[in-house]
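Engineer: Going by the working numbering, the letters in the sequence shown line up with residues 6 to 349, in that order.
The beta carbon of each residue, even a glycine, is placed where N, CA and C say it ideally should be.
Nothing here was measured: the structure is a model prediction, and the numbers come from that model.
Once you've had a glance at the structure underneath, I'll fire off some questions.
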Amino acid sequence: MGIPKKKVVKEESREEVPEESSEDYYEGTVADEEFDLTDLEGVGPATAKRLMEAGYTTLESIAMSTPAELAVYAGIGEGVAQKIIQAARSKLNIDVMSAYDYYQQRKMVQRITTGSKALDELLGGGVETQSITEIYGPYGSGKTQFAHQMAVTVQLPEEKGGLGRAALFIDTEGTFRPERIIQIAERFGLDPEKALKNILYARAFTSDHQMIVTERAEPYIKERNIGLIIVDSLISHFRGEYVGRETLAERQQKLNKYLHKLLKLALGYNLAVIVTNQVVADPSAFFGDPNRPAGGHVLGHGVTARLYIKRGKKDRRVIKLVKSPYLPEGTVEVVITEGGIEDV
Ligand code: GTP
Ligand code: MG
């Protein structure tokens, strides 16, 4: 699977909604509204209808799917599916690309401010698009607070460190609180009502549901100009449902598939993904901190950057960058207030 060369986040979509706009939320791009599935080689009106009904309404969604997936969901033959996917990919210029093109793609990476200068610096400027950032830590360490905060900061205009785009919040634990969004939005000078309208919220009740919700969200990513997908928490359902050693392989496979899905969305739509994760105690750790992120190697390899958050003194939190493809490890201290996460 290559990386789409096309920048899917349309500049003009941002321009359509200036800061002073009376619009209540960011409208996504409308470019693909004129896109007709029958323009794709191998797609007649009947197949187009099936694809549409199965939720494959954009070129990206088709290009990023596998032949088996497309065949099952759209009820078409795998051979046909393969051809359609190829056609969509070539229209989008996906698949093999030169290092130069990949460099161009990387140059489109944007960063979302965390609301803390220290934390932004640790992250090389903020949370990156085109990748998955994980934040793990014990109960009450502030993972969900961080998630709330980012759902707001992504909405800030670019000159204030945001993307001027909306957020998708996938809540697996039922801990999303709109009231918190209001408080955080006020701190950042955003209209709380608009901030709430710019967060698409989905509650996921099982790991299967979590996967389906994420898949179903795809048309909205485009429509609503989503710049950040949050999954809080990534792993709780997986851990709750797959207990015992004999189910571990299956769980890890599914988790791997899910992470791939998220990464494809991140690349395809130049958006950021933040997942929260729990900790497990490592009994073999004699010295130091025994907390390890749950999810094992699959998660360790699947995420691009890893942050570890734990309680410090009073309202303080210690955040450590434990994995990044190109940034040095480091630790910062922040504080959680009514307005969210802030510099000490
Ligand atoms: P689990 O989901 O249980 O694993 O924990 P978590 O890491 O998601 O913790 P969460 O982000 O929910 O953090 C909860 C903590 O944030 C609380 O214990 C408070 O210390 C802090 N907190 C939440 N809201 C406020 C607030 O309005 N003001 C202040 N000062 N602290 C807050
Ligand atoms: Mg939480």
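Please tell me whether Thr180 and Thr149 are closer than 9 Å, where the distance is taken between their beta carbons.
Structural biologist: Yes, these two residues count as a Cβ contact at 9 Å.
Engineer: Determine, using beta carbons only, whether His302 comes closer than 9 Å to chain D.
Structural biologist: No chain D appears in this structure, which consists of one protein chain only.
Engineer: Taking all protein chains shown into account, decide if Val349 is buried (16 or more other Cβ within 10 angstroms of its Cβ) or exposed.
Structural biologist: When all chains shown are included, Val349 counts as exposed.
Engineer: In whole angstroms, what is the alpha-carbon distance linking Gly147 and Val132?
Structural biologist: 16 Å
Engineer: In the DSSP assignment, what are the bridge partners of Tyr61?
Structural biologist: DSSP output for Tyr61 lists no bridge partner at all.
Engineer: Cβ of Lys315 within 8 Å of any heavy atom in the ligand MG?
Structural biologist: no
Engineer: Do you know offhand how far Glu164's Cα is from Lys318's?
Structural biologist: 33 Å
Engineer: Nearest-angstrom Cα distance between Pro288 and Lys315?
Structural biologist: 19 Å
Engineer: With the ligand MG as the reference, list in chain order each residue whose Cβ lies under 7 Å from any of its heavy atoms.
Structural biologist: Lys148, Thr149, Glu178, Thr180, Asp237, Ser238 and Thr281
Engineer: Buried or exposed for Asp294, please, with buried defined as at least 16 other CB atoms from any protein chain shown within 10 angstroms of its CB.
Structural biologist: By the 10 Å Cβ count, Asp294 comes out exposed.
Engineer: Taking Asn203 as the reference, give the member of Arg170, Ala222 and Pro50 with the closest Cα.
Structural biologist: Arg170
Engineer: So is the beta-carbon of Thr52 under 8 Å away from any non-hydrogen atom of the ligand GTP?
Structural biologist: The closest heavy atom of the ligand GTP lies 8 Å or more from the beta carbon of Thr52.
Engineer: Span of the alpha helix (DSSP H) holding Ala222?
Structural biologist: Looking at the DSSP string, Ala222 is not in any alpha helix (DSSP H), and its letter there is neither H nor E.
Engineer: In this structure, how does DSSP classify Pro298 when only helix, strand and coil are distinguished?
Structural biologist: strand
Engineer: Under 8 Å: does the beta carbon of Pro298 sit that close to some heavy atom of the ligand GTP?
Structural biologist: Not one heavy atom of the ligand GTP falls within 8 Å of the beta-carbon of Pro298.
Engineer: Out of curiosity, what's the CA-to-CA distance linking His302 and Asn296?
Structural biologist: 15 Å
Engineer: On the criterion of 16 or more Cβ atoms from any shown chain inside 10 Å, does Ile217 qualify as buried, or is it exposed?
Structural biologist: By the neighbour-count rule (16 or more Cβ atoms within 10 Å), Ile217 is not buried but exposed.
Engineer: Is it the case that the stretch 265-278 contacts the stretch 326-337, given that we only count it when at least three CB pairs across the two stretches are under 8 Å?
Structural biologist: no
Engineer: Would you tell me roughly how many angstroms separate the C-alpha atoms of Ala73 and Ser241, rounded to the nearest one?
Structural biologist: 28 Å
Engineer: For Asp138, count neighbouring C-beta atoms within 10 Å of its own C-beta (all shown protein chains included) and say buried if the count is 16 or more, exposed if not.
Structural biologist: For clarity, residue 138 is Thr in the given sequence; the question names Asp instead. Looking at its Cβ environment, which holds 16 or more other Cβ atoms inside 10 Å, Thr138 is buried.
Engineer: Would you please state the rounded distance, in angstroms, between the beta carbons of Tyr144 and Phe174? I believe it to be under 8 Å.
Structural biologist: No, Tyr144 and Phe174 are not in contact; Cβ-Cβ is about 20 Å, not under 8 Å.
Engineer: Does the separation of the CB atoms of Glu279 and Leu124 fall below 9 Å?
Structural biologist: It should be pointed out that residue 279 corresponds to Ile in this sequence rather than to Glu. No; because the gap between Cβ atoms is not below 9 Å, this pair is not in contact.
Engineer: Mind listing, in chain order, the continuous alpha helix (DSSP H) runs of no fewer than 4 residues lying wholly within the stretch 156-233?
Structural biologist: 183-192, 197-202, 212-221 and 223-228
Engineer: At a cut-off of 8 Å, is Phe151 close to the ligand GTP when judged by its beta-carbon and the heavy atoms of the ligand?
Structural biologist: yes
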